[in-house]
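Enquirer: Each residue of the sequence shown is one higher than the one before, counting from 179 in my numbering. So that we are looking at the same thing, I have put the structure below in structure tokens.
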Amino acid sequence: MSPTCFSAPKDFCTFTLYVLAVYQDIQEKVREEVNRFMKDDGTLAYDDVGKLDYLDMVFCEVLRKYPPGFRQERVCTKDYNDPETGLFVPKGTLVAIPMYSFHNDKQYFDNPDKFDPEHFTPENKAKRHNYSFMPWGYGPRSCLGMRLALIECKSFICHIVHRFSNRANRENSNSNQNRQSTPPTNASSRFGVEIYCFVNRMITGN
Ligand code: HEM
179 MSPTCFSAPK DFCTFTLYVL AVYQDIQEKV REEVNRFMKD DGTLAYDDVG KLDYLDMVFC
239 EVLRKYPPGF RQERVCTKDY NDPETGLFVP KGTLVAIPMY SFHNDKQYFD NPDKFDPEHF
299 TPENKAKRHN YSFMPWGYGP RSCLGMRLAL IECKSFICHI VHRFSNRANR ENSNSNQNRQ
359 STPPTNASSR FGVEIYCFVN RMITGN
């Protein structure tokens, strides 16, 4: 289940805009951070994109809850006997790695249903097994476009939050008090989710 070069960043940015619209407090925190690095002419230096620590936490949380690919697959190239469990995997077996399940397992993430960028503080990250969060896959066949995707999606979101505020309609806006469950997505919301956009600032010459 490899996401594609075009659809994965598009889905990722869509979900990020969606959670920012639903969780106004998170949107404000992202905006405060972004505004510290944005220049007066509305540009953002390449090096500064890497300094946006809170945005990075929000991105990781979006990729945890809404990974563009929900599982990875590998074909077993030789018969394998697992010494710990005694499990035998014959050559040619398709092995599915349930990444989405790891991302939502309370063994790895406290309160996994809650959308909470704090899951990705440096302290919380250090406590977890590396393979518990794998939106880009792992190993020699992991995502080749990860760095490009991150830089393009971060730049896009930075410019949007700098210039605009967005808000979900009342039905979908569960804001601060009810962050215990994953917000509805287009898949579960009968008429989709309306997001309203308001201009924060005009930047001329851009
Ligand atoms: C949010 C954006 C993206 C996500 C979450 C994502 C995620 C993934 C995942 C999960 C895989 C499978 C890894 C595995 O099986 O271990 C993959 C593979 C791949 N991705 Fe991405 N991807 C994204 C964007 C991109 C972009 C923008 C490009 C290209 C410009 C790209 C190029 C590739 C390629 C070429 C592979 C296959 C690598 C291989 O088989 O050796 N991806 N990606």
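We put the beta carbon where it would ideally sit given N, CA and C, even for glycine.
Please find out if some non-hydrogen atom of the ligand HEM comes closer than 7 angstroms to the beta-carbon of L198.
Expert: The residue you call residue 198 lines up with position 20 of the sequence shown. Checking every heavy atom of the ligand HEM against the Cβ of L198, none is found closer than 7 angstroms.
Enquirer: Under three-state DSSP, which class holds Q250?
Expert: The residue given as residue 250 occupies position 72 in the sequence shown. It is a strand residue.
Enquirer: By Cβ distance below 6 angstroms, which residues in the same chain neighbour P181 in space, the five residues on each side in sequence not counted?
Expert: If you number the sequence shown from 1, residue 181 lands on position 3. Result list for P181: P246, G247, in chain order.
Enquirer: Using a Cβ-Cβ cutoff of less than 8 angstroms, which residues in the same chain neighbour P226 once the five nearest sequence positions on both sides are dropped?
Expert: As a position in the sequence shown, residue 226 is number 48, starting the count at 1. Before going further, note that residue 226 is Asp rather than Pro in the sequence given. So the qualifying residues of the chain are F215.
Enquirer: Between the region 294-304 and the region 323-333, can you find at least three pairs of beta-carbon atoms closer than 8 angstroms?
Expert: Too few Cβ pairs lie closer than 8 angstroms, so no.
Enquirer: Work out the CA separation of A199 and M277 for me, nearest whole Å.
Expert: The residue given as residue 277 occupies position 99 in the sequence shown. The residue given as residue 199 occupies position 21 in the sequence shown. Taking the straight line from one Cα to the other gives about 26 angstroms.
Enquirer: On the DSSP bridge list, what partners appear for S343?
Expert: Residue 343 sits at position 165 when you count from the first residue of the sequence shown. DSSP, once it has assigned bridges, lists F376 as partnering S343.
Enquirer: Enumerate in chain order the residues of its own chain whose CB-to-CB distance from D257 is below 8 angstroms, with the five nearest sequence positions on each side excluded.
Expert: Along the sequence shown, read from residue 1 onward, the residue named residue 257 stands at position 79. Within the same chain, D257 has close Cβ partners F266, V267, P268, K269.
Enquirer: Label A346 either buried or exposed according to how many other C-beta atoms from any shown protein chain fall within 10 Å of its C-beta, with 16 as the threshold for buried.
Expert: Stepping through the sequence shown from its first residue, residue 346 is reached at position 168. Under this definition A346 is a buried residue.
Enquirer: As a quick exercise: from D288, H297, R252, pick the residue whose alpha carbon is nearest that of G315.
Expert: Counting from 1 along the sequence shown, the entry for residue 315 is found at position 137. Comparing Cα-Cα distances from G315 to each of D288, H297, R252, the minimum goes to R252.
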